[in-house]
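All remarks here apply to the structure that follows.
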Amino acid sequence: MSRWEDRNGYWYSYAYDEQGRCVYTTGTDRALEYRYAYDAGNHRTVVTDSLGHDTVYQFNESFQLIAQTDPLGHTTTHTWDRYDRTLTVTDPLGHTTRYEYDDHGDVTVIVRPDGLSTRLEHNELGLVTEVTQPDGTVWRQSFDGRGNPTVLVDPVGHRTRTTYDERGGPSGITEADGTTTRIECDGAGLPIALVAPQDVAVRYAQDAFGRVTRVRDASGGETELTWSPEGHLLRRVGPAGDIRAWTFDAEGNCQTVVDENGATTTIEYGAFDLPVRRVGPDGAAYRFVRDTELRISEVIDPQGRVWHYEYDAAGRLTSQTDFDGRTTRYRTDAAGRVVAWANATGQSVRFRHDVLGRVVERTTSDGVHTRFVRDPLGRLLTAETPDAALSRSYDAAGRWLTETVNGRTLTVTRDARGEILERVTPSGVESRWTHVDGAPAELTVAGRTLTFERSADGLVRTLKVGDQCAVVRRWDVAGRVTDQTVTGRERREVWHRSFAYRADHHPVEISGSVGTTRLTLDEGGRVTRVDGPGADERYTYGDNGDLVEARWEAVPEAEGTPGHVERRPVGARRTRCERDAAGRVVERRRTTLSGTSKVWRYVWDADDRLVSVTTPEGTHWRYGYDALGRRVCKERLAADDPHVAVERTDFTWQDSQLVEQTTHRPDATATSLTWEYEGTTPLVQVEGPPDRGRPALLRHGPRPGRRARPAGGRTRRTRLGVAIHGVGRAPVFKAVPDDDAPPLPGAVRGRRDGVALQLPASLRSGDRRLRHPGPVGLGPRGQPRGVRPEPHDRIGPARPGTARWDHSGFPAADQSPGQPADACGPERRRHDHRSAAALRQPQRGHRPHAQLPGRRGRDRVLPGAERLPGTGAQDGGSTAEPGWFHSCRMAGDEADLPGDLRSDEGSRPLRAARQYAGRLPERHHSRLWKRHQKLS
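Quick note: the sequence shown uses the UniProt record's numbering, first residue 1, plus one each step.
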């Protein structure tokens, strides 16, 4: 072959020498232009890329690759046996991994660079039946005569069983706790129904190609899917009649996405089917410029600003310069691991890795030294920072059971499936969960019991607190809350609100006993107007999505047009902010009506974390963090001695959820607030001194709630929701005061410093913007400092290390801080134009999307990300939301395309022979598919 040209007119050509060896390749605009020089006598090939950098491949006499030297001179070596099986791989730092085989060529031992090994045993079919991990724990599985996995035994001894019908298709999966999901298949072996333990079913219809065309869920809602002959999803009609459509070019690239409101997103492609331009529903266009190695070198926003990336000769990211000219630099070692980075102010972080590439030490230019100790499987055992000593313990299956931070211990007890049954916080508050058929049925906290009553499809319809009060919900066919009512004794209604949505599931009307609030949204889902009782708000956005004008009737000092220094808002009307070279707010100055100024000063560390605040009254606050970046304490320092804390608040976390805070006051008293969650939604708050807290039921919603008093009287607006007290007396309804309410859901705001903490970023009161640029660099919609403009989508900034470039050109989920995907992944295949999608896998446990209670079908990988083919769940809902999985392609397609299935913990897409769409009650499907993954 000398040349090919695709149906979009992009081409690639090959030139050969007299021996038929390829010596030169090039493509459109010199894309991937390579030269190959062969030294037959020395078995050496030198490859020169389009930028003039040489990579040397050394072979032995059997033409086995024994050494590969990158353009920087770093060499990776290999050894082989006579059967072309790898025996050793040694990285440029000298770390060697060894492999051993049995007589059939199956790997039996893998010896890591640290000397520990993983051992595998196989049956007569060559299937792995036993895995002994480096820490000595053992996983076992057995198979039937057809090679189908039948039993999986974890290191604790819990068994998961899978049964099959006479055709070899799965017919049921029995969990370790005994719950069983049945699978019904047609004559072709395609599932036509999944029957949950509650005996409710999701049913499917397929076309002649085996593609799912209709899904009927347990509540009777139907989703229709239309496909092209090539297998592209063209149209989806949801249970509520909402329609989403896609068009594709001749190469199978998605060209347009028409959302449920008729708004269109357009994507243009260049060589190797990589996006070069994206135009959003609001007309804002982003351009993506790539070098001849197809790595993104520039992103140009609608205003013509440029975000620039630079790489070394080996293709590793060395720096990025943002729209405002701020540069972050990275340094890597010979193995490609980041060993240091520095921000625009000169603050830096250095890393030290072990032989397995895991970070064991990190030191900042501020003098903060962190040490990590891990077990043989890489699980964190201890981590120490100047502010926190953290330790964890695990069960044999690797699930954490205790976490201690500065002597404060959080303890959990888990069932056979890993679900938390009991939890005890450092203050002694106990929580106990009871599950029925895999779904939460009861929660007992501080002596009070909450009971969940569910619909057939697993949605919570009623949440009861004994016989004193209840929260009642109604849902529509799309799984959205339409009514929410709080009742007291004798089912007396004490509070109510209802919701109306537009076609794309954004709420547009919220009605309650005090009136109706209406929201006007633009094509991108951003709020442009709020009208309702006591609310008169107007918002205007620029081409790049930044808020450029805000008018709030209730907050005159924040009203007006935000000022800008370059691209950075510095305040509105009487409030001004100053930023450092890294774009972080270091001073906030507010002018009062009397003409005096109030000044807050902020200090940030090298990780962009707020470490101290000085208030206008001269009060100093200090903040401490653990090794995982979570705030674990804040202290008010004595005026006469900055080393003495006169007030301290300790924070306790369950993974990334804040579950308790305890405040110690100067008078030696202490008060704790403890939270229990249902998924990611705060459900219960326990207030009071340690050991004597009172439980309160929290029902969060998309708009402010009300405070009601049993004896009547005025109700009061609250941003956080309704807290229902009922301990040994008639219900008391208590609202969270406005001063305590966070500016965005999920944020915790300090009363005195004016900073809202929302992991991992801090928000600025007034304009709801981040006080420092986003931790992953350029984010969706090109707003590194922006948060989700639609405040009713419960979502926060992306966490560091969780971004890759998706087909829209913006980061998706799983990438080093600030690093575009083209610079990530040591094994990225240069010529595989779909590898970016294949690499994009959310971190396990990372659930960046968040939503209204029960709302389906809104997967947003990062704040503001558009849902495009290739980004996961655009064809029917969130693949990360409990209960959802989707239609798909045949096995073997490595791209993350419409319908790819992910578990609710964000693990890799399941590559079964087929994947299906539908909803099972609550969390049950996740267990089903996680077990299926392991068995596969």
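Where a beta carbon is used, it is the ideal one built from N, C-alpha and C, also for glycine.
Range of the contiguous beta strand (DSSP E) that encloses residue i
i	result
Gln685	681–688
Ala383	380–384
His53	It is not in any beta strand (DSSP E) - His53 carries neither H nor E in the DSSP assignment.
Glu537	535–541
His100	At residue 100 the sequence reads Glu, which differs from the His that was named. 96–101 is the span of the beta strand (DSSP E), which, as asked, contains Glu100.
Phe651	645–654
Tyr38	34–39
Glu549	547–552
Arg85	Careful: Arg85 lies outside any beta strand (DSSP E) and carries neither H nor E.
His620	620–625
Val109	107–111
Phe248	243–248
Leu225	222–227
Gly27	22–27
Ala67	65–69
Pro275	275–279
Ala121	Just to set this straight, residue 121 is Glu in the shown sequence, not Ala. Note, Glu121: beta strand (DSSP E), 117–122.
Ser2	Ser2 -> no beta strand (DSSP E), and no H or E assigned at all.
Tyr10	Note, Tyr10: premise wrong, no beta strand (DSSP E); not H, not E.
Outcome for residue i when other beta-carbon atoms lying within 10 angstroms are tallied against a minimum of 16
i	result
Tyr16	exposed
Tyr83	exposed
Trp433	buried
Arg491	exposed
Gln484	buried
Val373	exposed
Pro642	exposed
Val599	exposed
Ala668	exposed
Asn42	exposed
Ser393	exposed
Asp39	exposed
His505	buried
Gln815	Because the pLDDT of Gln815 is 31, which lies under 50, any placement of that residue in the model is unreliable, and the question is left without a value.
Arg799	Unreliable placement is indicated for Arg799, whose pLDDT of 27 sits below 50; no coordinate value is reported for it.
Trp4	exposed
Leu125	exposed
Leu593	exposed
Span separating the alpha-carbon of residue i from that of residue j
i	j	result
Thr411	Arg630	18 angstroms
Gly542	Tyr286	14 angstroms
Tyr14	Trp246	35 angstroms
Asp605	Glu617	23 angstroms
Thr520	Val486	27 angstroms
Asp49	Pro134	40 angstroms
Pro71	Arg35	14 angstroms
Thr662	Thr404	15 angstroms
Pro909	Ser597	Note on Pro909: pLDDT 27, under 50, position unreliable in the model; the coordinate value appears next. Rounded to the nearest angstrom, the two C-alpha atoms are 55 angstroms apart.
Thr150	Asn123	14 angstroms
Arg636	Ser431	31 angstroms
residue 953	Gln206	Residue 953 is absent from the model: the chain starts at 1 and stops at 936.
Val47	Val56	6 angstroms
Arg371	Ala383	5 angstroms
Thr76	Asp54	15 angstroms
Ala478	Glu422	33 angstroms
Closer than 7 angstroms: residue i CB and nearest the ligand MG heavy atom
i	result
Asp650	No copy of the ligand MG appears in this structure; indeed no ligand is present at all.
Min CB distance residue i to chain D below 8 angstroms
i	result
Ser427	Absent from the structure is chain D; it holds one protein chain and no more.
Entirely within the segment 443–529 and at least 3 residues each: give me those beta strand (DSSP E) ranges in chain order.
448–454, 460–465, 469–475, 481–487, 493–501, 507–512, 515–521
Which runs of the alpha helix (DSSP H) spanning at least 4 residues fall entirely within the segment 360–447, listed in chain order?
none
Three or more C-beta pairs under 8 angstroms: does that hold for the segment 292–307 against the segment 57–77?
no
At what residue ranges does the segment 162–196 contain a whole run of the alpha helix (DSSP H), taking only runs of 4 or more?
none
Length at least 3, wholly inside the segment 305–343: the beta strand (DSSP E) runs in chain order
306–311, 317–321, 327–332, 338–342
Kindly confirm or deny that the segment 181–201 and the segment 436–451 touch, where touching means at least three C-beta pairs closer than 8 angstroms.
yes
Evaluate contact between the segment 175–188 and the segment 155–163, counting only Cβ atoms and requiring at least three cross-stretch pairs below 8 angstroms.
yes
Determine contact between the segment 106–119 and the segment 344–352, defined as no fewer than three beta-carbon pairs at a distance below 8 angstroms.
no
Closer than 8 angstroms is the cut-off here; do at least three beta carbon pairs connect the segment 313–321 with the segment 78–96?
no
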